[in-house]
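Quick note: the sequence shown uses full-length UniProt numbering, first residue 1, plus one each step. Don't be surprised by glycine CBs; every beta carbon is placed ideally from N, CA and C. The structure presented is a predicted model; accordingly, all values stated were derived computationally and were not measured. One structure below.
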Amino acid sequence: MSTPVSTHFSESTAQHNFSSTYDQEDPMQAMSSYARIMHEHTKAQLSTATNSARRLSQASDSISSNSTSSAGVTPI
């Protein structure tokens, strides 16, 4: 006979994750580690957003260029 799969699942809280990841005995080190991780996370998000904006801008420029060329208008 198979064992039933438990359907009870509880998300761990942010407080639990923080306390299990960072040393509570050294709050300055914990804060420093957390700040470093968040800084890297923010840099990665900014890089992703910048790359996305560049792609959108290039696509928009390409569409504008094609629409003026097809209308017989020479771009300045």
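- Out of A30, H16, T48, the CA that lies nearest to the CA of Y22 is found in A30.
- In the structure shown, D23 falls within a coil segment according to DSSP collapsed to helix, strand and coil.
- Annotated three-state conformation of T48 is helix, per DSSP.
- Under the three-state reduction of DSSP, S12 is assigned to coil, being neither helix nor strand.
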